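Peer 1: Quick note on our numbering: the sequence shown kicks off at 23 and runs consecutively. Glycine included, every Cβ here is placed at the ideal spot set by N, Cα and C. Every value quoted in this text rests on a predicted model; they were computed, and no experiment measured them. Please read through the structure below; I'll follow up with questions.
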Amino acid sequence: MKLSPSVQKKVKRSRDFIERALDQGQKIYGVTTGFGLLSDQIIDHSQIEDLQRNLIRSHSVGIGSYFDEPTTRAIMLLRANVIAMGYSGVRMEVLKRLVSMINKGVHPLVPEQGSVGASGDLAPLAHLTSVLMGEGEAIFKGKILPGKEAMEMAGVPILTLKAKEGLALVNGTQVMTAVGLLSLLRAERLCKIADVVGACTLDALKGSLSAFDLDIQKVRPFPGSLAVSKNFKKLGRHSEIAKSHQFCSKIQDAYSLRCIPQVHGAVRDALAYVRKILEIEANSATDNPLIFAEQRKILNCGNFHGEPVAFALDLLGIAVSELGGISERRIEKLINPALSGLPAFLTAEGGLHSGLMMVQVSAAALASENKILAHPASVDSIPTSADKEDHVSMGTIAARKGRDIVRNVEHILAMELLCATQGLEFLLPLQPGIGIKEAYRAVREKVPPIKGDRRFSEDIRKIQLLIESGELLQGVEKIAGIFE
23 MKLSPSVQKK VKRSRDFIER ALDQGQKIYG VTTGFGLLSD QIIDHSQIED
73 LQRNLIRSHS VGIGSYFDEP TTRAIMLLRA NVIAMGYSGV RMEVLKRLVS
123 MINKGVHPLV PEQGSVGASG DLAPLAHLTS VLMGEGEAIF KGKILPGKEA
173 MEMAGVPILT LKAKEGLALV NGTQVMTAVG LLSLLRAERL CKIADVVGAC
223 TLDALKGSLS AFDLDIQKVR PFPGSLAVSK NFKKLGRHSE IAKSHQFCSK
273 IQDAYSLRCI PQVHGAVRDA LAYVRKILEI EANSATDNPL IFAEQRKILN
323 CGNFHGEPVA FALDLLGIAV SELGGISERR IEKLINPALS GLPAFLTAEG
373 GLHSGLMMVQ VSAAALASEN KILAHPASVD SIPTSADKED HVSMGTIAAR
423 KGRDIVRNVE HILAMELLCA TQGLEFLLPL QPGIGIKEAY RAVREKVPPI
473 KGDRRFSEDI RKIQLLIESG ELLQGVEKIA GIFE
């Protein structure tokens, strides 16, 4: 990671303005005053460094599991990006040290729980900042070390925080935004995977592609449903299975098949909105106060409030949970002989073998868990800081819930793909569409056809890794064409 040449000028201008204001004796929140309800307490200039250090120590109250290293790196990157904008009033040394930590792989241990998503992600960002000060803990080269030791081993000098610098490092929405962005990228890929998996099920159930006709989507022109229909056309090309039943007596399929463009498409459109919000947030100044050096203003504000992100990430969770919900219904169609025309639970020897009976149960459990997780966090607020901070966003909770929903849906789709590829076995020698055939081939490289009962959790795990790694999507797109 490198800093743009223009950054130094912006950061220095902002810092110089703060130092001039200090020299002139101006009262500046969090610089010459306490924090929150204590903002009426004036701090002597001789205690300014103590104030910033004490802020980080007192706010390091996060609990629970730690964010993984990719998430921590994303948080650090976003925090560095905010400082680089030049509205934070910190020294260039702060930004350089943060960038050095990223480049050298010093990853602070940041607890996931403890932020209410207003005044910034205070607790988790304080844990991150602790390591800059030589306190807290960090992972360096795979080992958990005291923060000071990790910094020394990486060759990154410890930082003594000056006026406003502690406050600038904890004010902001970078934790919820980082978690949200990583979940969004995963969710966007899942939308394409859901099309692949749904197409496999459609062929296995001898469903009709007529519901994916582009003329249907054009008279209700949501971008998402049009993209899904185009993808299904690519996936289903040259399907011998589809040709084999084109003159059958069945008029139309169940909603979980026929309405795939409308459901998968709506998820895509929701995620497009989420992307718009997170792109704005990732490139926004979220400090309080904000330093406008050119306008010669120091303004107290609420840009740290996570409401825009909280709404967006609640929507992400709601939308992605629906990918799992409709996938679970398709699994039921596959294993139920009254609905599929295939052997019960997709096993040739039902009774002696239970087949994929419990796969649907596990998928149902995850889908129901997602219904609970999808309840919006942003509708809640609880006053904090002696009612000074009397309305909060819960955006970080929304982010964590959304992340967990995405993980659950990856597994549900893996379960559906396990069932769909097994369903295709019973239709041989008829071949599915070209994209479906490639998905089948990729699964069969990892998971053999089911001849009898075995530990299906291992099969699910292998398929989920195919999805998570991007290998499945890459292989299918190579054969069928790039997806919308």
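#1: Three or more C-beta pairs closer than 8 Å, one from the segment 64-77 and one from the segment 182-190: is that the case here?
#2: State whether the segment 32-42 contacts the segment 105-117, with contact taken as three or more CB pairs (one from each stretch) at a distance under 8 Å.
#3: So if DSSP puts Gly372 in a beta bridge, which residue, or which two residues, is it bridged to?
#4: Grouping DSSP H, G and I as helix and E and B as strand, with all else coil, what is Leu338?
#5: Taking only the alpha-carbon atoms, compute the straight-line gap between Leu231 and Ser251 and give it to the nearest angstrom.
#6: Quick test of the definition: if touching needs 3 or more C-beta pairs under 8 Å, does the segment 208-228 touch the segment 127-143?
#7: Pull up the CB-CB distance for Gly202 and Leu335, whole angstroms please, since I reckon it's below 8 Å.
#8: Going by C-alpha distance, which of Glu460, Ser491 and Ser68 is nearest Glu499?
#9: State the beta-bridge partners of Ala160 as determined by DSSP.
#10: Rounded to a whole number of angstroms, what is the C-alpha to C-alpha distance between Arg318 and Gln196?
#11: Check whether the segment 357-377 and the segment 388-408 are in contact - that is, three or more C-beta pairs closer than 8 Å.
#12: For Leu60, count neighbouring Cβ atoms within 10 angstroms of its own Cβ and tell me buried if that reaches 16, exposed if not.
#13: Taking a contact to mean a Cβ-Cβ separation below 9 Å, would you say Leu147 touches Val192 in this structure?
#14: By how many angstroms is the C-alpha of Leu279 removed from the C-alpha of Arg351?
#15: Quick check on DSSP: helix, strand or coil for Gly86?
#16: For Cys222, count the other beta carbons within 10 Å of its own beta carbon; 16 or more makes it buried, fewer makes it exposed. Which is it?
#17: Would you check if there are 3 or more beta carbon pairs closer than 8 Å linking the segment 117-129 to the segment 93-104?
#18: Using alpha carbons as the reference points, say which of Val153, Thr94, Phe89 and Asp143 lies closest to Val116.
#19: Given a cut-off of 9 Å, decide if Leu227 and Lys240 are closer than it, judged by their beta-carbon atoms.
#20: Considering just the uninterrupted stretch of the alpha helix (DSSP H) at Phe314, what are its terminal residues?
#21: Over the uninterrupted beta strand (DSSP E) stretch that includes Leu321, give me the two end residues.
#22: Taking only the alpha-carbon atoms, compute the straight-line gap between Pro398 and Lys473 and give it to the nearest angstrom.
#23: Hey, quick one: how far does the alpha helix (DSSP H) through Asn76 stretch, first residue to last?
#24: Would you mind reading off the limits of the alpha helix (DSSP H) that contains Val296?
#25: Can you grab the Cα-Cα spacing for the pair Ile485 / Leu495, in whole Å?
#26: With 16 as the cutoff for other CB atoms within 10 Å, does Pro270 come out buried or exposed?
#27: Is DSSP giving Gln48 helix, strand or coil here?
#28: From this set, Asn392, Glu354, Val414 and Thr443, which residue's C-alpha is nearest Lys423's C-alpha?
#29: Given Thr94, which residues of its chain have a CB within under 7 Å of its CB, disregarding the five upstream and five downstream residues?
#30: Since I believe Ile78 is in contact with Met198 (beta carbons under 8 Å), could you give me their beta-carbon distance rounded to a whole number of angstroms?
#31: Checking 9 Å against the spacing of the C-beta atoms, do Ser407 and Ser68 come in under that value?
#32: So, at 8 Å on beta carbons, what are the nonlocal neighbours of Gly492 in its own chain, with the 5 sequence-adjacent residues on each side left out?
#33: Alpha carbon to alpha carbon, what distance is there between Asp409 and Ile50?
#34: According to DSSP, Ile64 sits in a beta bridge with which residue or residues?
#35: Using the beta-carbon count (16 or more within 10 Å), is Tyr277 buried or exposed?
#36: Taking the Cβ atom as the reference point for each residue, do Cys441 and Ile357 lie within a distance shorter than 9 Å?
Peer 2: So, to answer that:
#1: yes
#2: In short, these stretches touch, since the Cβ pair count reaches three.
#3: His375
#4: In the structure shown, Leu338 sits in a helix (DSSP, three-state: H, G or I).
#5: 9 Å
#6: no
#7: 5 Å
#8: Glu460
#9: Pro130 and Leu167
#10: Distance between the alpha carbons of Arg318 and Gln196 is about 26 Å.
#11: Per the Cβ contact rule, the segment 357-377 is not in contact with the segment 388-408 (fewer than 3 Cβ pairs under 8 Å).
#12: exposed
#13: yes
#14: If you take the alpha carbons of Arg351 and Leu279, they lie about 9 Å apart.
#15: strand
#16: The Cβ neighbour count for Cys222, taken over all protein chains shown within 10 Å, is at least 16; the residue is labelled buried.
#17: As far as the Cβ criterion goes, the segment 117-129 touches the segment 93-104, which means the pair count is three or higher.
#18: Taking only the C-alpha atoms, the option nearest Val116 is Val153.
#19: no
#20: That residue, Phe314, is in no alpha helix (DSSP H); its beta strand (DSSP E) goes Leu312 to Phe314.
#21: Lys319 to Leu321
#22: 43 Å
#23: Ile70 to His81
#24: Secondary structure note for Val296: its alpha helix (DSSP H) is the uninterrupted segment Ile282 to Ala304.
#25: 12 Å
#26: One point to set straight first is that residue 270 is Cys, not Pro, in the sequence displayed. That one is exposed.
#27: coil
#28: Asn392
#29: These residues qualify, in order along the chain: His129, Pro130 and Val132.
#30: The Cβ separation is near 20 Å, so there is no contact.
#31: no
#32: So the qualifying residues of the chain are Arg211.
#33: 21 Å
#34: Thr55
#35: exposed
#36: yes
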